[in-house]
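K.L.:
What follows is a structure written as structure tokens; I'll ask about it next.
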Amino acid sequence: EGKGVYGVSLFDFSRTKRSRQSSEELKNDSILWGGGYWVPDEDAMIDPDIISRTNIEEPFDETDINYSTTHSVAIFALDVRSNKTPWSKGKQTSTQNTHNEGSTSTPSNNNTSSSSIIHTPALDFLGQHQWEWFQKALSNSYATVNIIVSGLQFHPERFPNDGNVIEEWSKFPRARQMIYDMILNSGANSPMLVSGDVHMAQFMRKDCVRSSDIMYADADDAGDTATSFKANAQQRPYRPRPLVEITTSGMTHSWGTSFSSQPRNHRLPLKLYTYFVSPIFMTICHYVCPWNDILILTEDDGKRENEERGAASAQDGEVREEIVRGGRVGMQYYLGLNFAEFEFEFDSNDDDDTIGGGDGGGAVTVRIFGKEANNAPPKLETRWTFDQLSGNTDLPGTTAKLRDFVNAGNVEYYPDSNNARSEHEWICVPHRGLASVYHEYAANIMMFFNICFLFFLPHGVIFWLFVVARRKWCRWKNAGMHTIESTKKPFNMHASEK
1 EGKGVYGVSL FDFSRTKRSR QSSEELKNDS ILWGGGYWVP DEDAMIDPDI ISRTNIEEPF
61 DETDINYSTT HSVAIFALDV RSNKTPWSKG KQTSTQNTHN EGSTSTPSNN NTSSSSIIHT
121 PALDFLGQHQ WEWFQKALSN SYATVNIIVS GLQFHPERFP NDGNVIEEWS KFPRARQMIY
181 DMILNSGANS PMLVSGDVHM AQFMRKDCVR SSDIMYADAD DAGDTATSFK ANAQQRPYRP
241 RPLVEITTSG MTHSWGTSFS SQPRNHRLPL KLYTYFVSPI FMTICHYVCP WNDILILTED
301 DGKRENEERG AASAQDGEVR EEIVRGGRVG MQYYLGLNFA EFEFEFDSND DDDTIGGGDG
361 GGAVTVRIFG KEANNAPPKL ETRWTFDQLS GNTDLPGTTA KLRDFVNAGN VEYYPDSNNA
421 RSEHEWICVP HRGLASVYHE YAANIMMFFN ICFLFFLPHG VIFWLFVVAR RKWCRWKNAG
481 MHTIESTKKP FNMHASEK
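Numbering (our numbering), first residue to last: 1 to 498.
Shown next as structure tokens:
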């Protein structure tokens, strides 16, 4: 209908356990859908466009759900191209984007009507119809895990601010705030964000709290000590809720090879230069720039994940299985060609398939693989439980302070008094806290010298070698001319005497 290409698919991994399909049905199912795990749209009843063709009225009751709520995964694919506001020419800043946007309404959740009016921001990715569709679809989903896929990254706020250079949701802050609110207010279980576009793999995380839970007028009231937000939360009936993002991108080219997709940069002689500069430049960016949303896993995190997996594998008195974690410790990024794998561990003892039956005791393991052959270990690997993703239990690793949320909440997103934050809006900050101004300034200075060294210095060296070679050639040529002249002079003198 010209409104974009987006949709939702549901996979029920208990279907083959609850009712065996006939061989003919399995034969008709595409192997892409896991041999019968895919739930037809008419049975899933998540897509609002499908529901509108039926006589079923929302909200649903327990009898309308035809899939397991403890062994299912819903995948929402968003279209961020068809209805995107064109990038303006020249440099863009978040302040300019913010003051040019219109107001937004509060997204509804499962406890409210899904027919509330949505006022889309002036600078937008999805468009009015897709926003309404996504809000209703999230409210209709009772899947165990809900994966939201976008072609652009959600969490990062990378430099430069020009969307013509780097595209990401943060360039339209109102639109990103709106999708954060919509996901967290929907009541959808275990939400996960998946993105691409940047030609590398990254594991990222933000921690979010409701704006109504931040009771301080400024950061000074929140305390200037090193007390973590988790410690402050012990005095309040809430905890930060994690929102994780997995970026996997680069099947043809990546920062580990060449940052450019142009064929000439993958052929000699430019290949020698681009394949050298790209990985070095992006590696320096990860360790110098204040990208506090990227996960950092330690040896203790790896041991904890191994213990959780070993405990989950021991069921009904079986011998505990020793499981070795793949991936690596440290900052969770990979620059080479890659793809992602999601492994869902559903609790076999959880038979509660009722609405709101919970996330079960399961978990999801995400692995990033390179282009190597089969049986190669993953480049990155991490694991989250469903309860952690839903905010029911703490997810270790946060170092964000309460004042980080206060500072983020005081950002001037709402220039008009009528657009003040409502109690349903969320404040999301990197799980390692907001970067200081000094860190940002120091990073900008170091990146300037990094660009000069990697991009300008090689060109300068080539030019210098050319000048030196030309001078040596000129000297050699002049020396040869003098030699010829010296050999000719005696002959000429003898000829003149004669």
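Think of the CB as a built atom: it goes at the ideal place given N, C-alpha and C, for glycine as much as any other residue.
Measure the CB-CB distance between residue 288 and residue 240 and report whether it falls below 7 Å.
P.N.:
As a position in the sequence shown, residue 288 is number 288, starting the count at 1. As a position in the sequence shown, residue 240 is number 240, starting the count at 1. Cβ distance not < 7 Å, so residue 288 and residue 240 don't count as in contact.
K.L.:
Can you tell me the Cα-Cα spacing of residue 64 and residue 253, whole angstroms?
P.N.:
Sequence index remark: in the sequence shown, residue 64 carries index 64 (1-based). Sequence index remark: in the sequence shown, residue 253 carries index 253 (1-based). Roughly 46 Å between the two C-alpha positions.
K.L.:
Smallest Cα separation from residue 427: which of 340, 380, 190 and 213?
P.N.:
Working through the sequence shown from its first residue, we reach residue 427 at position 427. Comparing Cα positions, the closest option is 213.
K.L.:
Can you check DSSP and say which residues form a bridge with residue 191?
P.N.:
Within the sequence shown, the letter at position 191 stands for residue 191. Answer by DSSP bridge pairing, in chain order: 146.
K.L.:
Let me confirm a value: residue 469 is counted as buried when at least 16 other C-beta atoms fall within 10 Å, else exposed. Which label applies?
P.N.:
The residue given as residue 469 occupies position 469 in the sequence shown. Exposed, because fewer than 16 other Cβ atoms sit within 10 Å of the Cβ of residue 469.
K.L.:
Check whether the Cβ atoms of residue 204 and residue 301 lie closer than 7 Å to each other.
P.N.:
As a first step, residue 204 must be located in the sequence shown, where it is residue number 204. As a first step, residue 301 must be located in the sequence shown, where it is residue number 301. It is not a contact, given that the beta carbons lie outside the stated cut-off.
K.L.:
Determine the contact status of residue 151 and residue 187, defining contact as a CB-CB distance below 7 Å.
P.N.:
Within the sequence shown, numbered from 1, the residue matching residue 151 stands at position 151. Within the sequence shown, numbered from 1, the residue matching residue 187 stands at position 187. Contact flag unset, no.
K.L.:
Roughly how many angstroms lie between the CA atoms of residue 137 and residue 199, to the nearest whole one?
P.N.:
As a working note, residue 137 is residue 137 in the sequence shown. As a working note, residue 199 is residue 199 in the sequence shown. Their Cα atoms are separated by approximately 30 Å.
K.L.:
Tell me which residue opens and which closes the alpha helix (DSSP H) that residue 409 is part of.
P.N.:
As a first step, residue 409 must be located in the sequence shown, where it is residue number 409. Per DSSP, residue 409 belongs to the alpha helix (DSSP H) from 402 to 409.
K.L.:
Residue 454 and residue 329 - do their beta-carbons sit closer together than 7 Å?
P.N.:
One-based indexing of the sequence shown puts residue 329 at position 329. One-based indexing of the sequence shown puts residue 454 at position 454. No, Cβ-Cβ distance for residue 329 and residue 454 is not below 7 Å.
K.L.:
Report the rounded CA-to-CA distance for residue 479 versus residue 466, giving the unit in angstroms.
P.N.:
Your numbering for residue 479 matches position 479 in the sequence shown. Your numbering for residue 466 matches position 466 in the sequence shown. Going by the C-alpha atoms only, they are around 20 Å apart.
K.L.:
Spell out the partners DSSP gives residue 385 in its beta bridges.
P.N.:
Position 385 of the sequence shown, counting from 1, holds the residue named residue 385. Residue 385 is bridged to 363.
K.L.:
Which residue marks the beginning of the beta strand (DSSP E) containing residue 184, and which one marks its end?
P.N.:
Here residue 184 refers to the residue found at position 184 of the sequence shown. Here residue 184 belongs to no beta strand (DSSP E); instead the alpha helix (DSSP H) covers 173 to 185.
K.L.:
Three-state secondary structure (DSSP) at residue 7?
P.N.:
The residue labelled residue 7 in the question sits at position 7 within the sequence shown. Residue 7 falls in the strand class under three-state DSSP.
K.L.:
Under three-state DSSP, which class holds residue 87?
P.N.:
Here residue 87 corresponds to residue number 87 of the sequence shown, with the count starting at 1. Looking at residue 87 - three-state DSSP - the assignment turns out to be coil, as it is neither helix nor strand.
K.L.:
Taking just the CA atoms, how far does residue 382 sit from residue 305?
P.N.:
For this step, residue 305 is matched to residue 305 along the sequence shown. For this step, residue 382 is matched to residue 382 along the sequence shown. The alpha-carbon atoms of residue 305 and residue 382 are separated by roughly 8 Å.
K.L.:
Helix, strand or coil for residue 300, going by three-state DSSP, please let me know.
P.N.:
The count along the sequence shown starts at 1 and reaches residue 300 at position 300. Residue 300 falls in the helix class under three-state DSSP.
K.L.:
Over what stretch of residues does the alpha helix (DSSP H) that includes residue 446 continue unbroken?
P.N.:
Here residue 446 is taken as the residue at index 446 of the sequence shown, counted from 1. Unbroken alpha helix (DSSP H) run through residue 446: 437 to 451.
K.L.:
Check each candidate in 131, 145, 118 and 166 and name the one with the smallest Cα separation from residue 189.
P.N.:
Your numbering for residue 189 matches position 189 in the sequence shown. Among 131, 145, 118 and 166, the Cα nearest to that of residue 189 is on 145.
K.L.:
Can you tell which of 336, 398, 15 and 460 has the C-alpha that lies nearest to the C-alpha of residue 298?
P.N.:
Here residue 298 refers to the residue found at position 298 when the sequence shown is read from its first residue. For residue 298, the nearest C-alpha among the options comes from 398.
K.L.:
Report the partner residues of residue 330 according to the DSSP bridge assignment.
P.N.:
In the sequence shown, counting from the first residue as 1, residue 330 sits at position 330. Answer is 297, bridged to residue 330.
K.L.:
For residue 264, I'd like the list of residues in its chain whose CB is within less than 8 Å of its CB, leaving aside the five on either flank, ordered along the chain.
P.N.:
Position 264 of the sequence shown holds residue 264. 270, listed in sequence order.
K.L.:
Is the Cβ-Cβ distance between residue 207 and residue 400 less than 7 Å?
P.N.:
To locate residue 207, count along the sequence shown from 1; it is residue 207. To locate residue 400, count along the sequence shown from 1; it is residue 400. Cβ atoms of residue 207 and residue 400: closer than 7 Å.
K.L.:
Looking at residue 77: is its Cβ nearer than 7 Å to the Cβ of residue 6?
P.N.:
Counting from one through the sequence shown, the residue named residue 77 turns up at place 77. Counting from one through the sequence shown, the residue named residue 6 turns up at place 6. Cβ atoms of residue 77 and residue 6: closer than 7 Å.
K.L.:
With a Cβ-Cβ cutoff of 7 Å, do residue 245 and residue 154 count as a contact?
P.N.:
Residue 245 sits at position 245 when you count from the first residue of the sequence shown. Residue 154 sits at position 154 when you count from the first residue of the sequence shown. Contact flag set, yes.
K.L.:
Quick one: what does DSSP say residue 285 is sitting in, helix, strand or coil?
P.N.:
Taking the sequence shown and counting its residues from 1, one reaches residue 285 at position 285. Reduced to three states, the DSSP call for residue 285 is helix.
K.L.:
In the structure shown, what three-state DSSP assignment does residue 41 receive?
P.N.:
Start at 1 with the first residue of the sequence shown, and residue 41 comes out as number 41. DSSP places residue 41 in helix when its eight states are reduced to three.
K.L.:
Nearest CA to the CA of residue 86: which residue from 68, 66, 54 and 122?
P.N.:
Residue numbering aside, residue 86 sits at position 86 when the sequence shown is read from its first letter. Among 68, 66, 54 and 122, the Cα nearest to that of residue 86 is on 122.
K.L.:
With a threshold of 16 other CB atoms inside 10 Å of the CB of residue 438, please say whether the residue is buried or exposed.
P.N.:
To locate residue 438, count along the sequence shown from 1; it is residue 438. When all chains shown are included, residue 438 counts as exposed.
K.L.:
From residue 442 to residue 50, what does the alpha carbon distance come to, in whole angstroms?
P.N.:
In the sequence shown, the residue the question calls residue 442 occupies position 442. In the sequence shown, the residue the question calls residue 50 occupies position 50. Each residue's Cα considered, the two are about 53 Å apart.
K.L.:
Do residue 130 and residue 4 have their CB atoms nearer than 7 Å?
P.N.:
In the sequence shown, counting from the first residue as 1, residue 130 sits at position 130. In the sequence shown, counting from the first residue as 1, residue 4 sits at position 4. Closer than 7 Å, so yes.
K.L.:
Throw me the rounded Cβ distance for the residue 8 and residue 46 pair, which I believe falls under 8 Å.
P.N.:
Locating residue 8 in the sequence shown gives position 8, where the first residue counts as 1. Locating residue 46 in the sequence shown gives position 46, where the first residue counts as 1. That belief holds up - the Cβ atoms of residue 8 and residue 46 are roughly 5 Å apart, short of 8 Å.
K.L.:
Tell me which same chain residues have a C-beta within less than 6 Å of the C-beta of residue 183, skipping the five on either side of it?
P.N.:
For the purposes of this step, residue 183 is taken as residue 183 along the sequence shown, with counting starting at 1. Excluding sequence neighbours, residue 183 sits near 191.
K.L.:
Can you check which of these residues, 159, 251, 67 and 74, is closest to residue 445 by C-alpha distance?
P.N.:
For the purposes of this step, residue 445 is taken as the residue at position 445 of the sequence shown. Of the listed residues, the one whose Cα sits closest to residue 445 is 159.
K.L.:
Following the continuous alpha helix (DSSP H) through residue 137, name the residue where it begins and the one where it ends.
P.N.:
Within the sequence shown, residue 137 is the residue found at index 137, counting from 1. That run of the alpha helix (DSSP H) goes 128 to 140.
K.L.:
Bridge partners of residue 380, per DSSP?
P.N.:
For the purposes of this step, residue 380 is taken as the residue at position 380 of the sequence shown. 368.
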